[in-house]
Structures are given as C-alpha cells and as structure tokens.
Amino acid sequence: MTHPIISFQNVSKRFGKTTAVDNVSLTINEGEFFSLLGPSGCGKTTLLRMLAGFEMPTEGHILIDGKDVSLTPPNQRPVNMVFQSYAVFPHMTVLDNVAYGLKMDGVPAAERRDRAEEALGLVQLAGYGARKPDQLSGGQRQRVALARALVKKPRVLLLDEPLSALDAKLRDAMRSELTSLQQKVGITFIMVTHDQDEALAMATRCAVMNRGLLQQVATPSDLYEFPNSRFVADFIGSVNMFEGTLDVDEPDHAIIATTEAGPIYLDHGVTGATGTTVWAAVRPEKIEMHKRTDTPPKVDDAPEGYNVIAGTVRHLVYLGSESIYEVEITGGKLIKVVRPNLTRWDQEDFVIGEAVWLSFHACSPAVLLS
Amino acid sequence: MSDALIKHKTTPPGPLEYLRRWPLQVWLGLVAFFLYAPLISLMVFSFNDSRFTTVWRGFTLKYYDKAFHNSSLIEAFGNSLTIAFFSTLISVVLGAMAAIVLWRFRFPGKTAFNAGLAIPIVVPEICMGVGMLVFFAKILPWPQNLTWPFNLGAIIIAHVSFSFPFVAVVVRARLASFNRELEEAAKDLGASEFRTLMDVLVPHIQPSLVAGALLAFTLSLDDFVITFFTAGPDTVTFPVKVYSMVRFSVTPEVNAASTILIIVTVVLTFLALKFQGSSALTAGHDGGAETK
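So the sequences go chain by chain: A and B.
So for the first sequence, my numbering puts the first residue at 1; every next one is plus one.
So for the second sequence, my numbering puts the first residue at 1001; every next one is plus one.
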C-alpha cells in the first residue's frame, strides 16, 4: 500500500543565472526512508529546502498530501527539519528546545512537558531535559534536534546531512539508530547526503542528482546493480568502465567490442542500435583474478575468448576483510579488483608485478547508453 | 626526585606566562599607573581638608557634605542620569535595529547607510555640537519651560544621535557569529518572524545589547562638548556644571562630586555584568572588543 505523500511537479529553482534544480518531478510515498544523493552543488539541498519552505520554486509545484505548498511559509508546513548544524537553541534547556515547536502551536504547558519528555525518551535522552546544549556532546545535540522535530509529529521529517558532523564510530551507530527510529515512529524521512554508503545503508529508496537534474530514482540495490548512466554507476560505489561499440544485439545475448578489454559478451539483449557507443560497467568485486597461465580461463556463461583480460598487478591495498588490487591492462588502464580475504592465508597470494588473468561473468557488466 | 622538583620551580617562563617577563611587568605597571593614578589622586584629594586641591591638609568629609547640599549640583547630577537613562534606552533599540537591518537585508543605498552610520563616530564632537546648536536653534526649536523630563528632550535627542551608532557597531559584530540555521529552525518549528526575532536572535545578541547599553550610558553621562551646545540655562548636566565650577577654582567639592560619579559608574557596570552572569564576560567579549 503506497500512498504518495510528497510530489514535486516539474520543479525548477534558479538563483540568478545558475539553475540549482532543473525540472525535477518526483513522488515520495508515505513511510519511506527516502534519500537525496549527489555530489555537492547538485541541487539536493535546494530541493530539501524547498520542501521545508526556505526556498520557493521558480517553476513547478510542490504538493504535500495533495495540497500545493509551493508558496507556503515554513512555519505553516507539516514538515520538520533536522539541520546540518543541528541548530539547537543555545540559550534554552534541552526540554525547552524540544517543547519549542509545541509552544508555537499553542499546546498547553503541561502537555508540552509530557510530550517533550516522551520525545527525549524516544531518542534516549531521558533525564537530560534540564541541561543546556553546551553540556551535551555533538551526538547528543543531534538527538535533541531529532526529538525537537519529531515531537511535532510531522508528516515528513527532513534530515540535512545528518551524520556528516559525527565521528566514524558514532556515525555507524547513528545509521542503524535512525533506521530503527524511523520504523518505530512510522514517519516519512527524507535525508540529504553526499555519502553514498550512508544512502545505501539507510534509505529504502534513493534519488541520485547531478547538476540540478534527477539522474535515477531506485532502491539502493537497483542503483548499485542497475545504474542507468555512467554518472550513477561511477557515483555509487566504484566501477570499471569499458567504452565500446555495440556489435551484436540479439534477444538472448549481445556483444560489445572494446579496445581495452576485447570483446565483452552479455547474457541479455541491449535495446540499442548496433554500432552505437555504449559502456560496460563492471564492479570490482565481480571481477575474478587468476594466476597467468598460457591458456586464458574460460568464463562458464560466455563463449571462449570473451570477458577475459590479461594484466599485471600494480597496486595492492590490504583492508583486513578484503584486499583491493589495481591491475594494469593493455593500454595502461588500471582495473580495480576486490577480493575478500576468505582465509587467514591467501593461497594464491598475488604480489605486485605479477601477471594475471582477469575475468567476469556475462551477467556482471551493466550496459550504459549514456 | 626532590632535586628534580626544586629544579622545576626555576624553569624559564612558559610561552603564556606573560606576567613572569620583566618588560611586560614594566609595561603593565606603566599602563596601570597612567590609567588609574589620576583617578586615585582625584579620589584621595576629595578628602583633603583644604580649599585648594594641591596641598594635603588632613582628612575630611565636609566636601561631600557640601556637594550633597549643593542643590544645583544635585539637580545637574539628576539631569545627567535622566538623560543617560533615556538616551541609552533609545540608542539600544535604534542601534540594534540598525545593526539587524544592515546584517539581514540587501537594499539600495545600503553602503551609504552604513557609511552614514559611522559619521557620528568619526566627526569631531565640536562640529556635532555646533551642528546641534544650529539645529535646535533654527530647525527644531525645543520649547522652553517644559516639565521634567521633557525639558531634557533636546539633549536626549543629541545624545541618541551620537550613541546609537556605537551600539550598532557592537551589535553588528555580535551578529556576525549568528548561525542562520537557528533562525530557520525556529521558523521550521512554527515560529513567526517576530517570535523568531525575540526567541532566537535577541538572546544571541543580548550580551552585545548589554555592552552597547553600557557604552551608550557612559558616553551620555560624561559627554561635555555636545551637551554644552544643546543645554539651556535650566538644563545643566553634571559635566557642564562641574566645568562651570572649575572655571572659578578646582575645589575638593568638585573632586567629591566626581568621585561619586565614578563610583556610580563602576557600581552600575558591576551590576550589569553580575546580572548577566559570567557568560556576559566571555560571550560579550567579541562585542566588547569592538568598543575600543
């Protein structure tokens, strides 16, 4: 049961001559943990701020619950925001901070107090009500900001880079806590982030933006496995990109002729005219590495001689759970290969300078037309 | 072990231990001497049992008694406090508003407004005094024989005109450190523009309002030049009165009156800071630094 709660209809925002958001149409459903993802300056924050009411769209409409709020001031919208700097009022106690929104709504003092304390309990800050913000850590201040926004029971909670100011360990803890909090309160969350790991880990659906344009809207796994453009493939995770021309395009297979990696065999058809330029994107963990022998290894779902590249190991990064190899292939291109360290001693033990074969399955490459 | 401890006591001064370096000690001594020696000698000679200030003839309180029974001096003192009170009140409101306008908005003529605000700070006081004299004589003649405190209106207006730019400068400096997201957060939580101003912006600039008020109060209280040109015969202020007394001779009575004024100012400053709590001493610091 998906009920659309927010809808952007052909929304554009221009600041002078620069276009921050360019004709974005997007629907977000009730109960989603939605993430707006993109590099800095891509327009994701502007989109969020338009939803909060701090910016007005130059063109288009924004609907919340079917009501056009494009020009509604922020204090009259059923959304609340957790700011990047948390923006906890420094001169008020924690309890007064949390109760502030209720006070503005004219909620009686006693009820205000009860609801604020309940909200503090929700973010595990029960008993901190009498403190001043400068007596709290960064993580605790963020919880105050969360409680302050949630206590108003908004239709949508907006989070602007919620984890960027936290240290690595706290960030990991906060990730799962935010997800479980969202499930507990059942409010739609919309989070802006430039960190793709964060978006993949937390969101139920992500929108990837670039230069004001919406690139792709999909679930995290679809974004990773089925990117629709080189930008998305490159932005989400790391990827090896091979440029080539579409040589054969049948319903059950296709072949891309590349200069760098030889012919690439795909186990599915591509809807594109043969002879057009396409890109095959292969994730580092989907590439296998073998010791160099006289006969190249055969990939089991592709004919002999396909999806195999000769190379030499140039760099090696040991990360504990896995190792990242950079393998130079003909033409000087470096291919990234990730291998999990399955045993405590690696039998194959590739070393820098070693000649290897790289191979990948016919189902592994994502074919990109743009 | 104990040898090591003894050696530690004679280490050279650390980088922040300024007071352990003799050139700085000398400097500190000189500053203290030139700043406070005149004030202290003024206070000491107010107890001098002599008609002349320069020779010490023994301790007495009779000049305090005399000062307290000098009704025209008391009236001038009351006038000064009244003028300072009203001019401070108006200056703080006007100055804070000017600072917020300059910080918050872009509008045509902003640069001119900004520069215009600085004029009362840089223009020589004597010029402003003459200007005020002409203004109140020709353009806005202040009616005579009004009841208190309206008879002081002209002087209050003159004092506001040179005090509020100082308040604006102090408040403006404080506003630079304001996090705009606080304002947005308040609006996001349902606050109107006015509530946002009162609940978020004013608490942030409060230390600078206190600093600005203190500044405006002292500027008004000890202003002589501009007041001299705007005061009428029935609106004499304390500095003007003291000046007229000094023209005959510097008596211990003048010293006594001045000592009282110094004590009043010091006590007021102390109370303001105490009322603000210790946070004003630190939080107001960035604003206070601007006042020099």
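Backbone N, C-alpha and C define an ideal beta-carbon position, used for all residues, glycine too.
Separation of residue j from residue i, as counted between CA atoms
{"i": "residue 1114 of chain B", "j": "residue 1194 of chain B", "result": "24 Å"}
{"i": "residue 422 of chain A", "j": "residue 359 of chain A", "result": "The structure shown does not extend to residue 422 of chain A, since chain A is modelled only from 1 to 370, so the question has no answer here."}
{"i": "residue 1188 of chain B", "j": "residue 148 of chain A", "result": "11 Å"}
{"i": "residue 198 of chain A", "j": "residue 175 of chain A", "result": "7 Å"}
{"i": "residue 1190 of chain B", "j": "residue 19 of chain A", "result": "29 Å"}
{"i": "residue 96 of chain A", "j": "residue 120 of chain A", "result": "11 Å"}
{"i": "residue 1138 of chain B", "j": "residue 1202 of chain B", "result": "39 Å"}
{"i": "residue 1032 of chain B", "j": "residue 1018 of chain B", "result": "16 Å"}
{"i": "residue 145 of chain A", "j": "residue 83 of chain A", "result": "8 Å"}
{"i": "residue 1127 of chain B", "j": "residue 1155 of chain B", "result": "16 Å"}
{"i": "residue 220 of chain A", "j": "residue 1108 of chain B", "result": "49 Å"}
{"i": "residue 1283 of chain B", "j": "residue 91 of chain A", "result": "With a pLDDT of 44 at residue 1283 of chain B, under the threshold of 50, the predicted position of this residue should be treated as unreliable, and no value is reported."}
{"i": "residue 141 of chain A", "j": "residue 129 of chain A", "result": "12 Å"}
{"i": "residue 1091 of chain B", "j": "residue 1270 of chain B", "result": "21 Å"}
{"i": "residue 224 of chain A", "j": "residue 236 of chain A", "result": "6 Å"}
{"i": "residue 1245 of chain B", "j": "residue 1254 of chain B", "result": "7 Å"}
{"i": "residue 178 of chain A", "j": "residue 113 of chain A", "result": "24 Å"}
{"i": "residue 143 of chain A", "j": "residue 16 of chain A", "result": "37 Å"}
{"i": "residue 1175 of chain B", "j": "residue 1204 of chain B", "result": "8 Å"}
{"i": "residue 349 of chain A", "j": "residue 259 of chain A", "result": "29 Å"}
{"i": "residue 324 of chain A", "j": "residue 244 of chain A", "result": "25 Å"}
{"i": "residue 280 of chain A", "j": "residue 205 of chain A", "result": "24 Å"}
{"i": "residue 213 of chain A", "j": "residue 125 of chain A", "result": "39 Å"}
{"i": "residue 1243 of chain B", "j": "residue 1110 of chain B", "result": "41 Å"}
{"i": "residue 135 of chain A", "j": "residue 86 of chain A", "result": "15 Å"}
{"i": "residue 169 of chain A", "j": "residue 139 of chain A", "result": "11 Å"}
Residue i burial status per 10 Å Cβ neighbour count (16 or more: buried)
{"i": "residue 1183 of chain B", "result": "buried"}
{"i": "residue 1040 of chain B", "result": "exposed"}
{"i": "residue 1061 of chain B", "result": "exposed"}
{"i": "residue 196 of chain A", "result": "buried"}
{"i": "residue 13 of chain A", "result": "buried"}
{"i": "residue 1159 of chain B", "result": "buried"}
{"i": "residue 3 of chain A", "result": "exposed"}
{"i": "residue 1022 of chain B", "result": "exposed"}
{"i": "residue 154 of chain A", "result": "buried"}
{"i": "residue 315 of chain A", "result": "exposed"}
{"i": "residue 1280 of chain B", "result": "Only weak support is given to the placement of residue 1280 of chain B: the predicted model assigns it a pLDDT of 45, under 50, and the question is left unresolved by the model."}
{"i": "residue 1267 of chain B", "result": "exposed"}
{"i": "residue 1288 of chain B", "result": "Bear in mind that the predicted position of residue 1288 of chain B carries a pLDDT of just 37, short of 50, making it unreliable; the figure below should be weighed with that in mind. Buried: at least 16 other Cβ atoms inside 10 Å."}
{"i": "residue 1292 of chain B", "result": "With a pLDDT of 30 at residue 1292 of chain B, under the threshold of 50, the predicted position of this residue should be treated as unreliable, though the coordinate-derived value follows. So residue 1292 of chain B ends up on the exposed side."}
{"i": "residue 1001 of chain B", "result": "Per-residue confidence for residue 1001 of chain B stands at a pLDDT of 48, beneath the threshold of 50, marking its modelled position as unreliable; the derived number appears in the next sentence. Classification of residue 1001 of chain B: exposed, given that the 10 Å Cβ count is below 16."}
{"i": "residue 1135 of chain B", "result": "buried"}
CB contact flag (residue i, residue j, <8 Å)
{"i": "residue 321 of chain A", "j": "residue 341 of chain A", "result": "yes"}
{"i": "residue 1241 of chain B", "j": "residue 1084 of chain B", "result": "no"}
{"i": "residue 156 of chain A", "j": "residue 5 of chain A", "result": "yes"}
{"i": "residue 194 of chain A", "j": "residue 38 of chain A", "result": "yes"}
{"i": "residue 162 of chain A", "j": "residue 191 of chain A", "result": "yes"}
{"i": "residue 89 of chain A", "j": "residue 1200 of chain B", "result": "yes"}
{"i": "residue 295 of chain A", "j": "residue 354 of chain A", "result": "no"}
{"i": "residue 1235 of chain B", "j": "residue 1145 of chain B", "result": "no"}
{"i": "residue 362 of chain A", "j": "residue 310 of chain A", "result": "no"}
{"i": "residue 48 of chain A", "j": "residue 158 of chain A", "result": "yes"}
{"i": "residue 1082 of chain B", "j": "residue 1141 of chain B", "result": "no"}
Candidates the options, of which the one nearest residue i by Cα
{"i": "residue 1206 of chain B", "options": "B:1119, B:1051, B:1100", "result": "B:1100"}
{"i": "residue 101 of chain A", "options": "B:1232, B:1192, B:1264", "result": "B:1192"}
{"i": "residue 263 of chain A", "options": "A:253, A:271, A:283", "result": "A:253"}
{"i": "residue 188 of chain A", "options": "A:30, A:349, A:7, A:362", "result": "A:30"}
{"i": "residue 337 of chain A", "options": "A:343, A:319, A:344", "result": "A:319"}
{"i": "residue 21 of chain A", "options": "A:164, A:41, A:77, A:27", "result": "A:41"}
{"i": "residue 1120 of chain B", "options": "B:1164, B:1151, B:1112, B:1250", "result": "B:1164"}
{"i": "residue 229 of chain A", "options": "A:275, A:282, A:273", "result": "A:282"}
{"i": "residue 265 of chain A", "options": "A:171, A:108, A:305, A:111", "result": "A:305"}
{"i": "residue 1056 of chain B", "options": "B:1071, B:1046, B:1065", "result": "B:1046"}
{"i": "residue 1073 of chain B", "options": "B:1252, B:1251, B:1237, B:1264", "result": "B:1237"}
Listed by chain order, chain B residues near residue i by CB distance under 8 Å
{"i": "residue 105 of chain A", "result": "1190"}
{"i": "residue 74 of chain A", "result": "1184, 1187, 1188"}
Within chain B, partners of residue i - CB distance below 7 Å
{"i": "residue 85 of chain A", "result": "1179, 1181"}
Beta-carbon neighbours of residue i, restricted to chain B and to distances below 9 Å
{"i": "residue 148 of chain A", "result": "1185, 1189"}
Interface residues of chain A facing residue i [CB-CB closer than 8 Å]
{"i": "residue 1195 of chain B", "result": "104"}
Partner residues on chain A for residue i, Cβ-Cβ distance less than 7 Å
{"i": "residue 1200 of chain B", "result": "89"}
{"i": "residue 1207 of chain B", "result": "Simply none; closest approach about 11 Å."}
Closer than 9 Å at the beta carbon, the chain A residues around residue i
{"i": "residue 1013 of chain B", "result": "Residues of chain A passing the Cβ test: none, with the nearest at roughly 33 Å."}
{"i": "residue 1203 of chain B", "result": "89, 90, 91, 92"}
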